[in-house]
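Quick notes on the structure that follows.
Number of protein chains: 2
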Amino acid sequence: MRHTEDSAAVTEALDLLREKGERVTAARRAVLHVLDDASGHLCAEDIATRVDEAEPGVHRATVYRSLQSLAELGIVAHTHVPGSATIYHLRHSPGAPTGHAHLQCSTCERFFDIPSDWLTPLGDRMREELGFELEAQHAALLGTCAQCRAAAG
Amino acid sequence: MRHTEDSAAVTEALDLLREKGERVTAARRAVLHVLDDASGHLCAEDIATRVDEAEPGVHRATVYRSLQSLAELGIVAHTHVPGSATIYHLRHSPGAPTGHAHLQCSTCERFFDIPSDWLTPLGDRMREELGFELEAQHAALLGTCAQCRAAAG
DNA sequence: TTATGTGCAAACTGTTTGCGCGAAG
DNA sequence: CTTCGCGCAAACAGTTTGCACATAA
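Note that the protein sequences, when read in sequence, are chains H and X. Start counting the first sequence at 1; every next residue gets the next number (the UniProt record's numbering). Start counting the second sequence at 1; every next residue gets the next number (the UniProt record's numbering).
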């Protein structure tokens with residue numbers, strides 16, 4: 001096991017694991033570190049690659065299982081991306097106080113974050129008229145970004 | 001080749017194919033029939049199954065390819081569904097004048113349609129503030145439906 | 001006749017799972 | 001010491017692709 005210093009966010013997450021009676025393992029610690037370091041959003045495969053750099057020998061399947069349990073515990077959040085891999089990030093990330101929804105450009109495939117509250121009026125309407133509770137951050141929205149629109153004319 | 005009567009929508013689609021110099025084949029005709037008959041939204045596999053009933057021997061891969069070309073021609077529309085198969089429907093369907101966006105319940109997996117214009121204010125904001133052009137119908141939104149919310153308490 | 005679409009099999013990506021071993025508690 | 005997580009390999013779903021053959025135009 002590697003003994004890199006755990007950041008505040010990671011320590012918090014590990015404590016939460018222990019509290020819930022879950023085990024703290026090298027793999028889970030490594031996954032948390034990767035997510036903590038990552039500025040953007042990473043898919044499981046990317047995470048596996050980086051985990052394997054820090055903690056060689058950790059299997060991809062383990063990364064998937066770790067992400068699953070961490071998601072169930074509410075430590076990480078995942079966003080489904082149409083037509084490609086699910087992306088993951090730490091839930092109570094310092095940079096994101098409100099929570100954010102995800103936009104993906106269908107052309108260049110880049111992601112853009114928007115504050116969740118942009119979706120609040122829509123969510124309200126769905127609740128009122130359909131009784132449907134929207135989870136704004138759970139699926140990426142598609143469209144075309146400014147750059148690609150300009151490029152396309 | 002089967003000689004079932006083509007509906008107006010199917011005839012229109014086939015004409016469009018010819019106009020564009022694309023070939024009218026049994027497989028494509030069958031795919032269009034299935035989409036025309038279908039009330040709800042079907043994934044490629046479902047379409048393949050139904051196509052095979054009407055036109056035995058049509059390969060799944062052909063259905064995928066047909067859907068692809070029909071989508072490029074703007075005859076069918078597809079919606080990516082987080083975590084499962086892409087769903088397809090006829091573009092200028094008689095029942096859907098405005099176009100609709102798709103909601104999926106994460107619990108029971110059922111779909112709900114909402115008018116695209118519910119997303120117009122959000123789309124406007126994205127365009128103004130980010131230059132991002134939202135394609136509201138291109139990805140399903142996730143949440144929890146009234147029934148499942150009630151069931152969960 | 002000739003380009004385009006098709007059938008088939010095989011690859012591919014993203015993800016899950018059954019099994020026995022190993023390590024956290 | 002016991003249970004839970006892990007590594008591994010294999011399976012899975014959804015989709016795409018290279019190739020040779022068939023067929024719409």
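For glycine and all other residues, C-beta sits at the position ideal for the given N, C-alpha and C. All values reported here derive from a predicted model rather than from experimental measurement.
Residues of its chain near residue i, where Cβ-Cβ distance is below 8 Å and the 5 sequence neighbours each way are ignored
i: leucine 67(H); result: Val31, Ala44, Ile47, Val76, His78 and Tyr88
i: arginine 110(H); result: Gln104 and Cys145
i: leucine 141(X); result: Ala101, His102, Leu103 and Gln104
i: serine 106(H); result: Leu142, Gly143 and Thr144
Exposure of residue i, with buried meaning 16 or more beta-carbon neighbours within 10 Å
i: valine 24(H); result: exposed
i: histidine 80(H); result: buried
i: arginine 29(H); result: buried
i: arginine 18(H); result: exposed
i: alanine 85(H); result: exposed
i: histidine 3(X); result: Only weak support exists for where histidine 3(X) lies, its pLDDT of 48 falling under 50; the coordinates are left without a value.
i: histidine 55(X); result: What sits at residue 55(X) in the sequence shown is glutamate, not histidine. Glutamate 55(X) should be labelled buried.
i: histidine 152(X); result: With the sequence shown as reference, residue 152(X) is identified as alanine, and histidine is not the correct amino acid for it. So alanine 152(X) ends up on the exposed side.
i: alanine 139(H); result: buried
Below-7 Å beta-carbon distance, residue i vs any chain H residue
i: leucine 103(X); result: yes
i: histidine 80(X); result: yes
i: alanine 44(X); result: no
Distance CB(residue i)-CB(residue j) smaller than 7 Å
i: alanine 146(X); j: glycine 83(H); result: no
i: proline 121(H); j: histidine 100(H); result: no
i: aspartate 37(H); j: alanine 9(H); result: no
i: glutamate 133(X); j: arginine 65(H); result: no
i: glutamate 12(H); j: glycine 143(X); result: no
i: valine 34(X); j: arginine 60(X); result: no
i: leucine 70(X); j: lysine 20(X); result: no
i: alanine 26(H); j: threonine 62(H); result: no
Residue i at chain X interface by Cβ criterion, 7 Å
i: leucine 17(H); result: no
i: glutamate 128(H); result: no
i: leucine 142(H); result: yes
i: glutamate 135(H); result: yes
i: leucine 122(H); result: yes
Contacting residues, own chain, Cβ-Cβ under 6 Å from residue i (five flanking each side not counted)
i: leucine 14(X); result: Val24
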